[in-house]
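Peer 1: Chains as they are written, first to last, in my numbering: chain H, 838 to 1093; chain B, 1367 to 1626.
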Amino acid sequence: MTHPMIEMKQVQKAFGSNEVLRGVDLEVAKGSSLVIIGGSGTGKSVALKCILGLIEPDAGEIRVDGQSVGRLSGQRDRDAFLARFGMLFQGAALFDSLPVWQNVAFRLLRGRLARPRDEAREIAIEKLRRVGLKSDVADRLPAELSGGMQKRVGLARAIAAEPEIIFFDEPTTGLDPIMSGVINDLIREIVVEMGATAMTITHDMTSVRAIADNVAMLHGGKIRWTGPVSQMDDSGDPYVEQFISGSAEGPIEAVR
Amino acid sequence: MTPITALGLIGRTSLGRLAALGRISRFAASAFSHMIRPPYYPRELAVALLNIGWLSLPVVALTAVFTGGALALQIYAGGARFNAEAVVPQIVAIGMVRELGPVLVGLMIAARVTSSIAAEIATMKVTEQIDALVTLSTNPMKYLVAPRVLAALLTVPVLVGIGDIIGILGGYTVATKTLDFNAAAYLKNTVDFLELRDIISSLAKGAVFGTIAAVMGCYYGMQSGRGAQGVGRATKGSVEAAAVMILAANFVLTGVFFSL
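Set out below in structure tokens:
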């Protein structure tokens, strides 16, 4: 029997009295692309960070490729676990003290995946080319790049070590529509050509249609609706309908 | 406010402070344990040595030279009240090496290094760079904290030693140029008067103060709240805490070295 690549069961997390996740159930099949939609502050990022172990859930179980995340013990296990992931952060989260190529090759320059410097640089330049950047940006600092270019560098860093699972945290936020389209297409292409399992958080519906195989809507700390992207438009769920149409009228309170 | 609520307030504040001290101690212990376990990040250490040690030299030198000069003037003026002007070299040496050298260098490091470490790490935290490090299988305690603490532990004693020497030279310059002291006699008095214990205590204080400065910068940076305000608070808190802890540690260390 094949198990899902990522599995969340009744995951709960509260920050003080603020219950962000109230029992999230989610499955992502191997090689598929799931997009989580939901308003700002509904805990989409928290869910991703729970899977990565950046935040420890209060209750529930998370399994990655059948292995329980909570039972990882020791640095070695965690390193091996994290080596399977790549993540593109919302603000790209590039290390601003390092030139672009060292950001991209970060994982290849140290730790268990370390390679010779020249080789790491070559891989970094190749990955930069893959996301549409020329080799002359390699020696620049992240602060010298535009927002769209920083996102591309972040994407190159996420895929540099050929991860099996890639997370995208609001990949198009803060970009103009054309750059958003470019990033969406890149994400789709890369995920397909690498055969990676992808999980994306967004509230950009164009992004959803471009990237997703499956869609899950997070609202009120639970998954409201989940299904293939083709069925999203006739979900019959008033929350999903309101979110897709961007209407102020509906079950979701507009003032949060 | 009734006496009971006042007591409650005192109790809660004390407990809060002690809990914070406990968290900081655990943080420091973790930083030291990461220093001795691989993987090591020599490049990070080199950058930290440069930033904390080498680039602090100008401010340390200026602080020391002016303090030594002022000290010589004060001791001369004060000593003149009971015909003891001749003790200038001895008191400048003792004052600089035992107290002013380590304390002033420690405070300058708190101002220069603690603030910059806290602001840098807090900004990294706010912009998710710390999370990014973790997802790239790199432990922030090892990659960011351990090299900075180790660099401060190694370089601040050296800075204190240099500060001591420059401070004494500041006193020497003032004494020989304006107060008519004999240059050779001044230096001989200084060297004869200082004991090994004075120098060891000075360098040991430097090591402790350097560690405090770096640990507080890293701790407050890692605990930073969100946004620009979070970074500002972390920076302010780190410098305050480092300065107060350096002065408190100085009192304890002086007690340990000179009254036991």
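Just so you know, even glycine gets a beta-carbon here, dropped at the ideal spot from N, CA and C.
My assumption, with CB atoms under 8 Å, is that Ile1015(H) sits in contact with His1056(H). Please give the rounded CB distance.
Peer 2: Contact flag wrong, Cβ pair sits at about 30 Å.
Peer 1: Identify, in the order they occur along the chain, each residue of the same chain with its Cβ nearer than 7 Å to the Cβ of Ala1609(B), setting aside the five sequence neighbours on each side.
Peer 2: Leu1473, Ala1476.
Peer 1: Pick out the complete alpha helix (DSSP H) segments inside the region 858–922 of chain H, 4 residues or longer, and give them in chain order.
Peer 2: Within the region 858–922 of chain H, the complete alpha helix (DSSP H) runs of at least 4 residues are 881–889, 911–919.
Peer 1: Leaving out five residues on either side along the sequence, give the residues of the same chain with a beta carbon under 7 Å from the beta carbon of Leu1569(B).
Peer 2: Within the same chain, Leu1569(B) has close Cβ partners Pro1523, Val1526, Gly1527.
Peer 1: Would you call Asp1022(H) buried or exposed, if buried means 16 or more other Cβ atoms sit within 10 Å of its Cβ?
Peer 2: So Asp1022(H) ends up on the exposed side.
Peer 1: According to DSSP, which residues form a beta bridge with Thr1037(H)?
Peer 2: The partner list for Thr1037(H) (beta bridge, DSSP) reads Val872(H), Phe1005(H).
Peer 1: So what does DSSP say about Val1453(B), is it helix, strand or coil?
Peer 2: The answer is helix: DSSP assigns Val1453(B) an H, G or I state.
Peer 1: When Cβ atoms are compared, which residues of the region 1503–1520 of chain B fall closer than 8 Å to chain H?
Peer 2: Per Cβ criterion, the list reads Ser1503, Thr1504, Asn1505.
Peer 1: So, is Asn1417(B) buried or exposed, given that buried needs 16 or more other C-beta atoms within 10 angstroms?
Peer 2: Buried: at least 16 other Cβ atoms inside 10 Å.
Peer 1: Taking the CB atoms as reference points, tell me whether Asp1070(H) and Ile1081(H) lie closer together than 9 Å.
Peer 2: Yes.
Peer 1: Would you mind working out which of Asp1041(H), Arg1046(H), Gly1073(H) sits nearest Ser877(H), comparing C-alpha positions?
Peer 2: Closest by alpha carbon: Asp1041(H).
Peer 1: Determine, for Gly890(H), whether the minimum Cβ-Cβ distance to residues of chain B falls below 9 Å.
Peer 2: So yes, Gly890(H) belongs to the interface.
Peer 1: Taking Cβ positions, are Tyr1586(B) and Gly1598(B) nearer each other than 9 Å?
Peer 2: It is not a contact, given that the beta carbons lie outside the stated cut-off.
Peer 1: Which chain B residues sit within Cβ distance under 9 Å of Gly948(H)?
Peer 2: Pro1405, Leu1502, Ser1503, Thr1504, listed in chain order.
Peer 1: Using the Cα positions of Phe1004(H) and Tyr1509(B), report the straight-line distance between them to the nearest angstrom.
Peer 2: Their backbone Cα atoms lie some 23 Å apart in a straight line.
Peer 1: Would you identify the three-state DSSP class for Asn1548(B), choosing helix, strand or coil?
Peer 2: Note: Asn1548(B) maps to coil in three-state DSSP.
Peer 1: Between which two residues does the beta strand (DSSP E) containing Trp1062(H) stretch?
Peer 2: Segment 1059–1065, the beta strand (DSSP E) holding Trp1062(H).
Peer 1: Residues of chain B with CB closer than 9 Å to the CB of Gln987(H), please, in chain order.
Peer 2: By Cβ distance, chain B contributes nothing, its closest Cβ being about 11 Å from Gln987(H), past 9 Å.
Peer 1: Kindly identify the DSSP beta-bridge partner or partners of Phe852(H).
Peer 2: Paired residues: Asn855(H).
Peer 1: Taking only beta-carbon positions, decide if Gln927(H) is within less than 9 Å of chain B.
Peer 2: So yes, Gln927(H) belongs to the interface.
Peer 1: At a CB-CB cut-off below 9 Å, which residues of chain H make contact with Asp1497(B)?
Peer 2: By Cβ distance, chain H contributes Lys886, Leu889, Leu891, Met924, Phe926, Ala930.
Peer 1: Closer than 9 Å, CB to CB, is Met1588(B) near chain H or not?
Peer 2: For Met1588(B), the answer is no, since every Cβ of chain H falls outside 9 Å of its Cβ.
Peer 1: For a quick check, are the C-beta atoms of Ala1517(B) and Leu1415(B) less than 9 Å apart?
Peer 2: Cβ distance < 9 Å, so Ala1517(B) and Leu1415(B) count as in contact.
Peer 1: Answer with buried or exposed for Ala1541(B), where buried requires no fewer than 16 other C-beta atoms within 10 angstroms of its C-beta.
Peer 2: So Ala1541(B) counts as buried.
Peer 1: Per DSSP, which one or two residues make a beta bridge with Lys846(H)?
Peer 2: According to DSSP, Lys846(H) bridges with Glu898(H).
Peer 1: Does Met1367(B) come out as helix, strand or coil in the three-state DSSP assignment?
Peer 2: Three-state DSSP puts Met1367(B) in coil, outside helix and strand.
Peer 1: Between Pro1413(B) and chain H, is there a C-beta pair that is closer than 9 Å?
Peer 2: The residue asked about is misnamed: residue 1413(B) is Val in this sequence, not Pro. So, interface residue.
Peer 1: If you measure between the beta carbons of Ile962(H) and Trp938(H), is that distance less than 9 Å?
Peer 2: Result yes, Cβ atoms of Ile962(H) and Trp938(H) sit closer than 9 Å.
Peer 1: Using a Cβ distance threshold of 8 Å, determine whether the region 864–871 of chain H contacts the region 888–899 of chain H, with at least three qualifying pairs required.
Peer 2: Result no; under three Cβ-Cβ pairs closer than 8 Å.
Peer 1: Less than 9 Å between CB atoms is the rule here; does Thr1493(B) satisfy it with respect to chain H?
Peer 2: Chain H, which has a Cβ nearer than 9 Å to the Cβ of Thr1493(B), makes this yes.
Peer 1: Pull up the distance between the alpha-carbon of Leu1381(B) and that of Gln1589(B), whole angstroms please.
Peer 2: One C-alpha to the other measures close to 19 Å.
Peer 1: Let's see if you can read the secondary structure: which residues bound the beta strand (DSSP E) around Ala1053(H)?
Peer 2: 1051–1056 is the span of the beta strand (DSSP E), which, as asked, contains Ala1053(H).
Peer 1: At least one CB of chain H closer than 9 Å to the CB of Met1490(B): is that the case?
Peer 2: Yes, contact with chain H.
Peer 1: For Met924(H), which beta-bridge partners are listed by DSSP?
Peer 2: DSSP lists Phe1004(H) as partners of Met924(H).
Peer 1: By the criterion of Cβ-Cβ separation under 9 Å, what are the contact partners of Asp1074(H) in chain B?
Peer 2: Within 9 Å Cβ-Cβ: nothing; Asp1074(H) doesn't reach chain B, min ~31 Å.
Peer 1: Using a Cβ-Cβ cutoff of less than 7 Å, which residues in the same chain neighbour Asp933(H) once the five nearest sequence positions on both sides are dropped?
Peer 2: Around Asp933(H): Leu978, Pro979, Ala980.
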